[in-house]
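Chemist:
Number of protein chains: 2
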Amino acid sequence: MPTINDVARAAGVSPSTVSYVLSGRRPISAQTRARVQAAIAELGFHPHAGARALASSKTNVLALVVPLRVDVNVPVIMQFATAVVTAARTHNHDVLLLTKDEGTSGLERVAHSTMVDALIVMDVEKDDVRIPALRRLKQPSVLIGLPADPAGTICVDLDFAAAAAETLRHLAWHGHRRIALVGPSPSVYRRGTSYAERFLAGFTEASAELGLETMTHPCEPGRPGVRDCLTDIDAELPGVTALVVHNEEALRPLLDQLRATGRRVPEDISVVAVCPRDVALSMPIPLTSVDIPSHDVGGLAVETVMKLLDGRHTESVRLLPPTLVERDSCTTPKP
Amino acid sequence: MPTINDVARAAGVSPSTVSYVLSGRRPISAQTRARVQAAIAELGFHPHAGARALASSKTNVLALVVPLRVDVNVPVIMQFATAVVTAARTHNHDVLLLTKDEGTSGLERVAHSTMVDALIVMDVEKDDVRIPALRRLKQPSVLIGLPADPAGTICVDLDFAAAAAETLRHLAWHGHRRIALVGPSPSVYRRGTSYAERFLAGFTEASAELGLETMTHPCEPGRPGVRDCLTDIDAELPGVTALVVHNEEALRPLLDQLRATGRRVPEDISVVAVCPRDVALSMPIPLTSVDIPSHDVGGLAVETVMKLLDGRHTESVRLLPPTLVERDSCTTPKP
DNA sequence: ATCTATCGTCGAAGCGCTTCGACGATCCCA
DNA sequence: TGGGATCGTCGAAGCGCTTCGACGATAGAT
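Quick note, the sequences are listed as chains A and B, same order. Residue numbers for the first sequence follow my numbering, beginning at 1 and rising by one. Residue numbers for the second sequence follow my numbering, beginning at 336 and rising by one.
1. Have a look at S16/A and H447/B and give me their C-alpha separation to the nearest angstrom.
2. Which of helix, strand or coil does DSSP assign to E125/A?
3. Roughly how many angstroms lie between the CA atoms of T241/A and D591/B, to the nearest whole one?
4. Closer than 7 Å by beta-carbon distance: list the chain B residues that pair up with D117/A, in chain order.
5. Alpha carbon to alpha carbon, what distance is there between A148/A and E125/A?
6. Measuring alpha carbon to alpha carbon, tell me which residue in I179/A, L281/A and R259/A is nearest G211/A.
7. Go to V561/B, then tell me how far its alpha helix (DSSP H) extends in each direction, as first and last residue.
8. I'd like to know whether the C-beta of P553/B is nearer than 8 Å to at least one C-beta of chain A.
9. Could you compute how far the alpha carbon of T367/B sits from the alpha carbon of A374/B?
10. Roughly how many angstroms separate the alpha carbons of L281/A and K642/B, rounded to a whole number?
11. Please give me, in chain order, every unbroken run of the beta strand (DSSP E) with length at least 3 that falls completely inside the region 421-445 of chain B.
12. Would you call the region 426-436 of chain B and the region 483-497 of chain B touching, i.e. three or more CB-CB distances under 8 Å?
13. Please state whether the Cβ-Cβ distance between A541/B and A570/B is less than 8 Å.
14. Give the residues of chain B in contact with T99/A, contact being defined as C-beta atoms less than 9 Å apart.
15. Which residues of chain A have a Cβ atom closer than 9 Å to the Cβ of I627/B, listed in chain order?
16. Provide the residue span of the alpha helix (DSSP H) that contains I131/A, from first to last.
17. Assuming P628/B and L655/B form a contact by the criterion Cβ under 8 Å, report the distance between their Cβ atoms to the nearest whole angstrom.
18. According to the neighbour-count rule (16 or more other Cβ atoms, all chains shown, within 10 Å of its Cβ), is M413/B buried or exposed?
19. Three-state secondary structure (DSSP) at M215/A?
20. Can you tell me whether Q474/B sits near the ligand ZN, meaning its C-beta is under 7 Å from at least one heavy atom of the ligand?
21. Tell me which residues of the region 364-394 of chain B have at least one Cβ-Cβ distance to chain A shorter than 8 Å, keeping chain order.
22. DSSP three-state call for L181/A: helix, strand or coil?
23. What residue from H170/A, A63/A and M215/A has the CA that sits closest to S141/A's CA?
24. For C155/A, which beta-bridge partners are listed by DSSP?
25. Under the DSSP definition of a beta bridge, which residues are partnered with L378/B?
26. Does P75/A come within less than 8 Å of chain B when only Cβ atoms are used?
27. Would you kindly check if the distance between the Cβ of P621/B and the Cβ of R558/B is under 8 Å?
28. Since V121/A contacts Q139/A with CB under 8 Å, what's their CB separation in whole angstroms?
29. Label S329/A either buried or exposed according to how many other C-beta atoms from any shown protein chain fall within 10 Å of its C-beta, with 16 as the threshold for buried.
30. For R227/A, which residues of its own chain have a beta-carbon under 7 Å away from its beta-carbon, when the five flanking residues on both sides are left out?
31. Just to confirm, is the Cβ distance from T394/B to T449/B under 8 Å?
32. Determine the chain B residues that contact T114/A at a beta-carbon separation under 7 Å, and present them in chain order.
33. Going by CA-CA distance only, name the one from P335/A, E209/A, R318/A and D159/A that's closest to G239/A.
34. Given L254/A, which residues of its chain have a CB within under 6 Å of its CB, disregarding the five upstream and five downstream residues?
35. Name, please, each residue of chain A whose Cβ falls closer than 9 Å to the Cβ of L431/B.
36. Given that L68/A touches chain B, what residues does it touch there, using C-beta distances under 8 Å?
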């Protein structure tokens, strides 16, 4: 492995000049630059990351903390991760993968040992124990999600409250008045993952504004959970004409169950989902849905980190506006 | 951030002694060790990763290359990734996440700049262009998958040929004689992902050994693909009593299609899947399946890397034996 | 009692890079 | 035509750690 000294010698310049060619932090004449670059290419020189980190206090590495729970949403998490890696690469950064179950100590380990310049944390909970720890680090961090008290943190996410409003507005426009929300499983609420509550709050508020008759119901995973959920909904809100489903995992069994009980979608009942585009498209009927734009959120997280890293100011909370795409699962209710 | 010098001063020893306490590479008296450890704890000292890498030529970081293609198998990939991260942590290593689409240059970048000690590469193709590049690196690497010519590489994977044999043996034992393989989509074969071919070869061979009447058919994704596939199978192998499905994505639509055409599983037709356990369990009927043990394979990959890193010898190709788990989708055919 | 290992610790020399200050050369404006 | 800016380059001082050789002290072998 050639070093910067080898390059310097080959190009007939000093090592510092090579460094300045590489970093562009000082002007270098065109001829010198060319000679240096030729030497670099010829020797196949790559700067040693550790040496660089030591001298410059910059690693060009981001930590990404993903939940490793293998329950719901695995594809979404993967989408976030690849979005983050791709975006990071465009800024010449690499990504160190951490799992959420290492908890606070994992964050502190990589931060204190200066392995990373900044952190991106997924699956943030309402009162996430990691947040105080993050605040103490010298490295900046961006949360994907929204804790109860975002003060002193930087957060990006989809605007789930607006997403809920959007689904109701769409259904109301189609003429629906009795609408039920099939929410995530109770464990998601219990865990305090804030998107569930934000969606719920947005749903309730928009329902009142639009003067709709609505109800909300969490939904346990699996067929029995879905069956119970639908039974409860029919009991509590008879004549319901539309469902808003904020539960990827329940989506498929729910459609199965509707079909099994002879209710056609969308003729007998409309369905609006909140899920990634490809999930909406992979269902027996392409579903009208509000997209969960993992790619955009991931990209935004990286952009925000980069802003922080070069000292630019950024707003504390940034929620992306939702987009509803009309497909085949939603129509005007029969009179 | 305190440095090793701060610790040394606080403990009244030299920096090298602190280093030896940390690494254990030289004997240190119990008292001294205690004083040093107390100082470390009190100051909250964490060694600087870059400095360490520079001085020791070890980063304690592994590169993991994942396919970022968002088509099939995303959950499986995620399972591999988390398995690798978890296993790496038990060996005090972290994981740098690379995407396959950076190709050869991504590998060379992280290797040449000494960001990682070793590489784990997923989604290996038959004549993977990255293999020659990997051979050139000074860092060792482990492939998850099996290229056409594994010479000079270290590979781990599930034994897909044995898995195919296992499915046929199980079905034959149940009394099935006419069996069709629903394979991955043609694009998977085209891409040269070797597990498809290995499964196919194992299937054909075992079929001959067991004296069965079988056929094989790739299956395009989506409902139409599945419908066509089933039509072809019925035409070519009338009276087929069992299907082996090596195509996660097709699994669900296939079951739907069978039901839609009035064929009950397992009463009218048996199904054995090759897929992760949780996929087999999430189907309308729990499927008899051969597990794809992502967790084990990922763990094995890390163990193998660690072996290589401390210079121990290891065999070139290691294929894990398959496990078939009997569930509810397979029974004795009606006479 | 002498010689040789071994133990426990220290000092110093790097590992490969960045960055600061310095310095001659060039340029522009008065 | 001289004075200060600016340009282009160099040298040297670290960044924080590991590791090698050295050395006194202790222990075991002869």
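Note that the Cβ used here is the ideal one computed from N, Cα and C, for glycine as well.
Modeler: Here's the rundown:
1. 21 Å
2. strand
3. 25 Å
4. Under the 7 Å cutoff, chain B gives no residues; its nearest Cβ is about 11 Å from D117/A.
5. 8 Å
6. I179/A
7. G557 to E571
8. no
9. 11 Å
10. 45 Å
11. 429-434
12. no
13. no
14. T417, V420, T421 and R424
15. Under the 9 Å cutoff, chain A gives no residues; its nearest Cβ is about 13 Å from I627/B.
16. R130 to R136
17. 6 Å
18. buried
19. strand
20. The ligand ZN is not part of this structure, which contains no ligands at all.
21. G379, H381, P382, H383, A384, G385, A386, R387, A388, L389 and T394
22. strand
23. A63/A
24. L143/A and V317/A
25. Its beta-bridge partners do not exist; DSSP assigns none.
26. yes
27. no
28. Not confirmed; about 12 Å, so no contact.
29. buried
30. Q257
31. yes
32. H383, A384 and G385
33. P335/A
34. V226
35. V61, D94, V95, L96 and L97
36. T417, V420 and T421
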